[in-house]
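Peer 1:
2 protein chains.
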Amino acid sequence: MSESSAAVRNTRQRSAVSALLGEMEGFHSAQDLHAMLRQRGERVGLTTVYRTLQGLADAGEIDVMRPPGGEHLYRRCSEGHHHHLVCRVCGRTVEVAGPAVESWADRVAAQHGYADVSHTLEIFGTCPTCPR
Amino acid sequence: MSESSAAVRNTRQRSAVSALLGEMEGFHSAQDLHAMLRQRGERVGLTTVYRTLQGLADAGEIDVMRPPGGEHLYRRCSEGHHHHLVCRVCGRTVEVAGPAVESWADRVAAQHGYADVSHTLEIFGTCPTCPR
DNA sequence: TGCGTTTTTGACAATCATTATCGTTGCCAC
DNA sequence: GTGGCAACGATAATGATTGTCAAAAACGCA
Ligand SMILES: [Zn+2]
Ligand SMILES: [Zn+2]
Ligand SMILES: [Zn+2]
Ligand SMILES: [Zn+2]
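If you read the sequences in order, they're chains A and B. For reference, each letter of the first sequence is one residue, going -12 to 119 in this note's numbering. For reference, each letter of the second sequence is one residue, going -12 to 119 in this note's numbering.
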């Protein structure tokens, strides 16, 4: 018994949020995305934006970043495990993969007897187009 | 002229917070530390605990961790740049150094033209004493 | 196409860590 | 000593995120 339906329904709001994420370049907050939707004339509640983003994040369809002292930022990324190189001025983001880092983290954790290992890694800097 | 005094005054409250951090083993939140101080009979305001922790963090004397969906956690660490391997059950923390990771991050950033590079890295797992 | 069931929505209230206020306290250089 | 100025702290404010719950909308099925 039990699992009968994934029961994920197709709604106008969910599509709107997902579509918007498809067009956005960098990371954006829930509040930002909500404001953009409103300007487009899309009628979507803030609560729904939060819920949708959370769902997409849980499903691994979008990435979440928690910058120091700010709101959560969301972005549609390419598939597979990767990390972000972010401009701390304009937010321009580059996806970077580092197999060596991945294995290093797992190895270090194993050496100390830690199991079920995961990690977070973000690189910050000022991008070429943001002199000064 | 200019720099005359660091102007950092010695106060009973600052000493209390700093001393407490010296005895604590893992990471603790501002609210936790404040509660501990009160139980000891130390009379320190919550605002002051926040301010002191922030100051110590800015001065690089303590490390801050921002676990997903929780408060900021503080801990007195050894000197020098390092990262943390944290048990997501009990909080037991091991400091780890990874020169290879440091250079990798800098190299990747440089390749993309990013300057003034910094990074954040945390490894999570369940420690040996937290079976299951 | 109409219906019932179940999910989703969204306006609004609630949470809660952190920050801002601002009058009082007390450190410390002189 | 004492005056100036940093630090304190009770309290209010902030603000992102989450909880609530009645109403709206999907969708499987007839
Ligand atoms: Zn930039
Ligand atoms: Zn990784
Ligand atoms: Zn543990
Ligand atoms: Zn590092």
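Here a beta-carbon is modelled for each residue, glycine too, at the ideal position from N, C-alpha and C. All of these numbers come straight from a predicted model, not from anything done at the bench.
Any idea which residues DSSP pairs residue 112/B with across the strands?
Peer 2: The count along the second sequence starts at 1 and reaches residue 112/B at position 125. In the DSSP output, where bridge partners are listed per residue, residue 112/B has 74/B.
Peer 1: Roughly how many whole angstroms lie between the Cα atoms of residue -9/A and residue 46/A?
Peer 2: Working through the first sequence from its first residue, we reach residue -9/A at position 4. Working through the first sequence from its first residue, we reach residue 46/A at position 59. Low confidence applies to residue -9/A: its pLDDT is 43, below 50, so where it sits in the model is not reliable enough to give any reading.
Peer 1: List the whole-angstrom C-beta distance separating residue 62/B from residue 13/B, where the pair is believed to meet the contact cut-off of C-beta under 8 Å.
Peer 2: The residue given as residue 62/B occupies position 75 in the second sequence. The residue given as residue 13/B occupies position 26 in the second sequence. Yes, they are in contact, since the Cβ atoms of residue 62/B and residue 13/B sit about 7 Å apart, within 8 Å.
Peer 1: Please name the residue in 39/A, 15/A, 24/A, 49/A whose C-alpha comes closest to that of residue -4/A.
Peer 2: Translated into the one-based positions of the first sequence, residue -4/A becomes position 9. Per the Cα distances, 39/A.
Peer 1: Flag this pair as yes or no: are the beta carbons of residue 26/A and residue 58/A separated by less than 8 Å?
Peer 2: The residue you call residue 26/A lines up with position 39 of the first sequence. The residue you call residue 58/A lines up with position 71 of the first sequence. No, Cβ-Cβ distance for residue 26/A and residue 58/A is not below 8 Å.
Peer 1: Output the residues surrounding ligand 3, defined as those with a CB atom closer than 5 Å to any ligand heavy atom, in chain order.
Peer 2: Answer in sequence order: 74/B, 76/B, 77/B, 79/B, 114/B, 117/B.
Peer 1: Going by beta carbon distance, what residues of the same chain come within less than 8 Å of residue 117/B, once the five residues before and after it are set aside?
Peer 2: Residue mapping note: residue 117/B aligns to position 130 of the second sequence, counting from 1. Closer than 8 Å at Cβ, skipping near neighbours: 74, 76, 77, 79.
Peer 1: If you measure beta-carbon to beta-carbon, which residues of the region 92 to 104 of chain B are closer than 7 Å to chain A?
Peer 2: Against chain A - using a Cβ distance shorter than 7 Å - the residues of the region 92 to 104 of chain B are 92, 95, 96, 99, 100, 101, 102, 103, 104.
Peer 1: Anything in the region 43 to 54 of chain A with a Cβ closer than 8 Å to a Cβ of chain B? List those residues in chain order, please.
Peer 2: Taking 8 Å as the Cβ-Cβ cut-off against chain B, the residues of the region 43 to 54 of chain A that qualify are 53.
Peer 1: Name, in chain order, the residues that DSSP records as bridge partners for residue 103/B.
Peer 2: Start at 1 with the first residue of the second sequence, and residue 103/B comes out as number 116. BP columns for residue 103/B are empty, so no partner.
Peer 1: Below 9 Å on C-beta distance, what does residue 85/B contact in chain A?
Peer 2: Taking the first residue of the second sequence as 1, we reach residue 85/B at position 98. Per Cβ cutoff of 9 Å: 88, 91, 92, 95.
Peer 1: Does any residue of chain B bring its CB to less than 8 Å from the CB of residue 107/A?
Peer 2: Within the first sequence, residue 107/A is the residue found at index 120, counting from 1. With 8 Å as the cut-off, residue 107/A counts as an interface residue toward chain B.
Peer 1: Going by alpha carbons, who is nearest to residue 56/A out of 84/A, 93/A, 29/A, 16/A?
Peer 2: If you number the first sequence from 1, residue 56/A lands on position 69. Measuring from the Cα of residue 56/A, the nearest candidate turns out to be 16/A.
Peer 1: Ignore the nearest five residues each way along the sequence and tell me which others in residue 113/B's own chain have a CB closer than 7 Å to its CB.
Peer 2: Residue numbering aside, residue 113/B sits at position 126 when the second sequence is read from its first letter. Within the same chain, residue 113/B has close Cβ partners 74, 75, 76.
Peer 1: Given the structure, does residue 7/A come close to ligand 2, in the sense that its CB is under 7 Å from one of the ligand's heavy atoms?
Peer 2: Counting from one through the first sequence, the residue named residue 7/A turns up at place 20. No, Cβ of residue 7/A sits at least 7 Å from all heavy atoms of ligand 2.
Peer 1: How is residue 11/A classed by DSSP in three states: helix, strand or coil?
Peer 2: Start at 1 with the first residue of the first sequence, and residue 11/A comes out as number 24. Coil at residue 11/A, not helix or strand.
Peer 1: Quick check: is any heavy atom of ligand 4 less than 7 Å from the C-beta of residue 108/B?
Peer 2: Taking the second sequence and counting its residues from 1, the one referred to as residue 108/B is at position 121. Correct: residue 108/B has its Cβ closer than 7 Å to ligand 4.
Peer 1: For the beta strand (DSSP E) that residue 63/B lies in, which residues bound it at each end?
Peer 2: The residue labelled residue 63/B in the question sits at position 76 within the second sequence. Run containing residue 63/B: 60 to 63, per the beta strand (DSSP E) assignment.
Peer 1: The alpha helix (DSSP H) with residue 95/A in it runs from where to where?
Peer 2: To locate residue 95/A, count along the first sequence from 1; it is residue 108. Segment 86 to 98, the alpha helix (DSSP H) holding residue 95/A.
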